[in-house]
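As given, the protein sequences belong to chains A and L, one line each in that order.
Residue numbering for the first sequence follows the working numbering, beginning at 24 and increasing consecutively.
Residue numbering for the second sequence follows the working numbering, beginning at 130 and increasing consecutively.
We treat Cβ as the ideally placed atom computed from N, Cα and C, and that holds for glycine.
Here the structure is a predicted model, which is why all the values come from computation and not from measurement.
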Amino acid sequence: MFRNVTNVGFTVLAVVGAIVLMEVLLYLFLHKTLKFRKALPIVLIAPAVIGIAVLILYPIVYTFVLSFSNMNLSNLRVSSGLSHSIGQFFTNIANIFTVPILKQQYFFPILLRTMLWTAIQVTFHVSIGFFMAVLLNRPMRLRGLYRALLLFPWAVPQVIAVLAFRGEFNYEYGYINTILGYFDIEKIRWLTDGVWNFIAVNITNIWLGVPFMAIILLGGLQSINPTFYDAAEIDGVSKFQRLTNVTIPLMKPVMVPAIILGVVWTFNNFNVPYLLNQNELETTDILVTALFRAAFLEFRIGFASALALIIFLILLSISLILLKVTKPDIQFQSEKKRLKEGETL
Amino acid sequence: MTIRQFFFSRRGDSPFKRILIHAVLICMCIITVYPVLRIASVSIRPSNRLLSTDMAIIPEDATLNNYVSMLVERDFLQWLSNSLLLTISTSLIGVSIAASSAYAISRWYFPGRKLMIITLLATQMIPGAMLLLPLYIIATRAGLINTWHGTIFAYSVTAVPFSIWILKGYYDTIPRELEQAGLVDGLNRFQVFYRVILPLSAPALAIALLFNFTQIWNDFLLARIFLQSPSMITWPLGLARLQEQFQTQWGLFAAGAMMVSVPVMALFLFSARWLITGLTLGSVKG
Chain A
24 MFRNVTNVGF TVLAVVGAIV LMEVLLYLFL HKTLKFRKAL PIVLIAPAVI GIAVLILYPI
84 VYTFVLSFSN MNLSNLRVSS GLSHSIGQFF TNIANIFTVP ILKQQYFFPI LLRTMLWTAI
144 QVTFHVSIGF FMAVLLNRPM RLRGLYRALL LFPWAVPQVI AVLAFRGEFN YEYGYINTIL
204 GYFDIEKIRW LTDGVWNFIA VNITNIWLGV PFMAIILLGG LQSINPTFYD AAEIDGVSKF
264 QRLTNVTIPL MKPVMVPAII LGVVWTFNNF NVPYLLNQNE LETTDILVTA LFRAAFLEFR
324 IGFASALALI IFLILLSISL ILLKVTKPDI QFQSEKKRLK EGETL
Chain L
130 MTIRQFFFSR RGDSPFKRIL IHAVLICMCI ITVYPVLRIA SVSIRPSNRL LSTDMAIIPE
190 DATLNNYVSM LVERDFLQWL SNSLLLTIST SLIGVSIAAS SAYAISRWYF PGRKLMIITL
250 LATQMIPGAM LLLPLYIIAT RAGLINTWHG TIFAYSVTAV PFSIWILKGY YDTIPRELEQ
310 AGLVDGLNRF QVFYRVILPL SAPALAIALL FNFTQIWNDF LLARIFLQSP SMITWPLGLA
370 RLQEQFQTQW GLFAAGAMMV SVPVMALFLF SARWLITGLT LGSVKG
């Protein structure tokens, strides 16, 4: 244990030292040698740019390179038969749609399941979360206590919550089947039956995700100016109209980013479907877990990289459609003006 | 206070409606809290009654044996110290990188600024599982798998885009007059940054630090790939391995889970209101 402390300590010192050295050298070079006026911002931003380039952009580019290869466990190096070609790229892409991604499952059923999973999760998160937020927004006794208790699932580390649920979905001893037993319902094979396992994954993620959505929406509800409701009351609208014509339109700036983020996070959720699926049932896999299995359990690297590109394209198109429909304004122009003015300082 | 006053005060709602609302909220609270209490209860059961279907929260013969054997016989302390070391060091590095970059983005216009902002947003949409495979191959070829420097480098950058986003939003609200005053007083631009701006941004820095901390502390995916030797694994990997063997280790898992999550939950619930304002501060302003 002690050795680890010194190892990590030295590594951290080395990393920090390298960053500082790089910063100083870069500043001296830009400022003294090139007489560059904006040396400071470039120096300040350099570590993040380098880090993101090495850790995020380079791997993305490398995914492209890998998708042109036939790399798998038996040919990891050029000497053992690794080759890159355009033909191989098209073979990899074609394989995604014609060869099982895992042992039995093909691409389209998994895609369909991922869409279903995302739709179910976001619908439940937003609807239950909104309901919870409306209840918590009423003036009443014990509100602080309710809010703290309802936030519990958000505060539990995700890995622990999923592993605990996996234990509780146990056929013989888990309390979920025990409770069903009280109602004379037959025990359910949560961990071995494909359909029920998918339902179990959904239940777990609803439990995990609703409180966060509720608290975000509660923040939005509390920022609505009460005069809107007074005006609605004077106009004599019904409670339902008040919800659809006042609350929901005013909540849009909070709801839209929350829904977009919810869609992306759910689509990319790895921990819940992977960890809850103890018996590696292929019928529970969504795209990201299938990608992980193809890559790290079967080591079909060329194939998995092509699959990663396809998943990225799907996600990109979903995000673009959502952005197009909702149009959040990113004010680049006004910001540019503000910054230009500020620079005279 | 009588029961009557307790339920029947404020607003003009009918008593029936008010009771109904309380009942619904209580049901929801049971659903959210019971699974957590259940783990607490399993963790204090003696090992011969681990697999009973008893629903009581506090078992009759409660014992702390699971905690003791987790701490003494297992490598739990090792996992915990690995996690702590990695999390503290990399979240500090991550926040320092983000703090300086966010300042540059907030205060200067430079070529590539728009591209940088779009890249920061786009990185939030890339599946972690997608980056993992190329990272793994790059790291293997560079000999970085199963080493501290590879892991520290990878963790330091993971939460940087999101932290930059939060911090930029906060810096934007700090008036420029303060910086001008600093310059008039004879500080240079860099001194203005760390003697005027950074102290003023303490709340946002704390939020960014907390986000970095929780993301790295709870990470399973990256650790699963980067850390393989048993002396280097972090607690999520260790607990996942324990939980593989359900029959024998359930009590130990529960004890470990309690020890890991109680401090984190306390931190989260304590800072909840604060965290959420920080989150919306970054995203809504976007």
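Below-8 Å beta-carbon distance, residue i vs any chain L residue
i, result
"residue 262 of chain A", "no"
"residue 167 of chain A", "no"
"residue 368 of chain A", "Residue placement at residue 368 of chain A is flagged as unreliable, the pLDDT there being 49, under the threshold of 50; a coordinate-derived value is accordingly withheld."
"residue 347 of chain A", "no"
"residue 307 of chain A", "no"
"residue 272 of chain A", "no"
"residue 255 of chain A", "no"
"residue 300 of chain A", "no"
"residue 198 of chain A", "yes"
"residue 30 of chain A", "yes"
"residue 265 of chain A", "no"
"residue 27 of chain A", "yes"
"residue 74 of chain A", "yes"
Rounded separation between residue i and residue j - CA only
i, j, result
"residue 34 of chain A", "residue 210 of chain L", "16 Å"
"residue 42 of chain A", "residue 70 of chain A", "7 Å"
"residue 205 of chain L", "residue 229 of chain A", "30 Å"
"residue 414 of chain L", "residue 337 of chain L", "Low confidence applies to residue 414 of chain L: its pLDDT is 36, below 50, so where it sits in the model is not reliable enough to give any reading."
"residue 325 of chain A", "residue 90 of chain A", "5 Å"
"residue 255 of chain A", "residue 269 of chain A", "8 Å"
"residue 179 of chain A", "residue 314 of chain L", "48 Å"
"residue 293 of chain L", "residue 228 of chain L", "7 Å"
"residue 93 of chain A", "residue 322 of chain A", "11 Å"
"residue 100 of chain A", "residue 87 of chain A", "17 Å"
"residue 331 of chain L", "residue 296 of chain L", "10 Å"
"residue 14 of chain A", "residue 74 of chain A", "As displayed, chain A neither begins before 24 nor continues past 368, which places residue 14 of chain A out of reach and without an answer."
"residue 322 of chain L", "residue 62 of chain A", "15 Å"
"residue 325 of chain L", "residue 335 of chain L", "16 Å"
"residue 192 of chain A", "residue 217 of chain A", "13 Å"
"residue 235 of chain A", "residue 349 of chain L", "20 Å"
"residue 177 of chain A", "residue 395 of chain L", "12 Å"
"residue 298 of chain L", "residue 248 of chain A", "24 Å"
"residue 345 of chain A", "residue 283 of chain A", "7 Å"
"residue 187 of chain A", "residue 261 of chain L", "26 Å"
"residue 317 of chain A", "residue 169 of chain A", "44 Å"
"residue 332 of chain A", "residue 132 of chain A", "18 Å"
"residue 162 of chain L", "residue 397 of chain L", "15 Å"
"residue 198 of chain L", "residue 300 of chain L", "49 Å"
Cβ distance (whole Å) where residue i is taken to contact residue j below 8 Å
i, j, result
"residue 115 of chain A", "residue 105 of chain A", "No, residue 115 of chain A and residue 105 of chain A are not in contact; Cβ-Cβ is about 14 Å, not under 8 Å."
"residue 188 of chain L", "residue 170 of chain L", "7 Å"
"residue 231 of chain A", "residue 401 of chain L", "Actually they are not in contact, since the Cβ atoms of residue 231 of chain A and residue 401 of chain L sit about 16 Å apart, beyond 8 Å."
"residue 283 of chain L", "residue 351 of chain L", "6 Å"
"residue 312 of chain A", "residue 293 of chain A", "6 Å"
"residue 237 of chain A", "residue 184 of chain A", "Their Cβ separation, rounded to whole angstroms, is 16 Å, which puts residue 237 of chain A and residue 184 of chain A out of contact at 8 Å."
"residue 239 of chain A", "residue 286 of chain A", "In fact, because the Cβ distance is near 14 Å, the residues do not count as touching under 8 Å."
Within-8 Å CB hit, residue i to chain A
i, result
"residue 337 of chain L", "no"
"residue 357 of chain L", "no"
"residue 257 of chain L", "yes"
"residue 389 of chain L", "yes"
"residue 344 of chain L", "no"
"residue 398 of chain L", "yes"
"residue 299 of chain L", "no"
"residue 412 of chain L", "The predicted model places residue 412 of chain L with a pLDDT of 41, which falls under 50 and marks its position as unreliable, so this point remains unresolved."
"residue 285 of chain L", "yes"
"residue 365 of chain L", "yes"
"residue 273 of chain L", "no"
"residue 148 of chain L", "no"
"residue 237 of chain L", "yes"
Beta-bridge partners of residue i, as assigned by DSSP
i, result
"residue 92 of chain A", "A:107"
beta-carbon residue i near the ligand SAH non-hydrogen atom, thresh 7 Å
i, result
"residue 170 of chain L", "You won't find the ligand SAH in this model; it holds no ligand whatsoever."
Which of the residues in the region 158-179 of chain L, read from start to end, lie with their CB under 7 Å from any CB of chain A?
-> 158, 161, 162, 164, 165, 167, 168
Residues from the region 196-210 of chain L in contact with chain A, defined by Cβ distance under 8 Å = 206, 207, 210
Where the region 315-348 of chain A meets chain L: residues whose CB sits under 8 Å from a CB there | 315, 318, 319, 324, 327, 328, 331, 334, 335, 338, 339, 342
Got a sec: which bits of the region 78-91 of chain A sit with their beta carbon under 8 Å from any beta carbon on chain L, in order along the chain?
-> 78, 79, 80, 81, 82, 83, 85, 86, 89
Going along the chain, which residues of the region 130-145 of chain A sit with their C-beta nearer than 7 Å to a C-beta in chain L?
-> none
Where the region 175-191 of chain A meets chain L: residues whose CB sits under 8 Å from a CB there = 175, 176, 177, 178, 179, 180, 181, 182, 183, 184, 186, 187, 188, 189, 190, 191
Name, going along the chain, the residues of the region 41-61 of chain A whose beta-carbon falls closer than 8 Å to a beta-carbon of chain L.
-> 42, 61
Which of the residues in the region 319-337 of chain L, read from start to end, lie with their CB under 9 Å from any CB of chain A?
-> If the cut-off is 9 Å between Cβ atoms, the region 319-337 of chain L has 319, 322 near chain A.
Taking only beta carbons into account, state which residues of the region 278-295 of chain A come closer than 8 Å to chain L, listed in chain order.
-> 280, 284, 287, 290, 291, 293, 294
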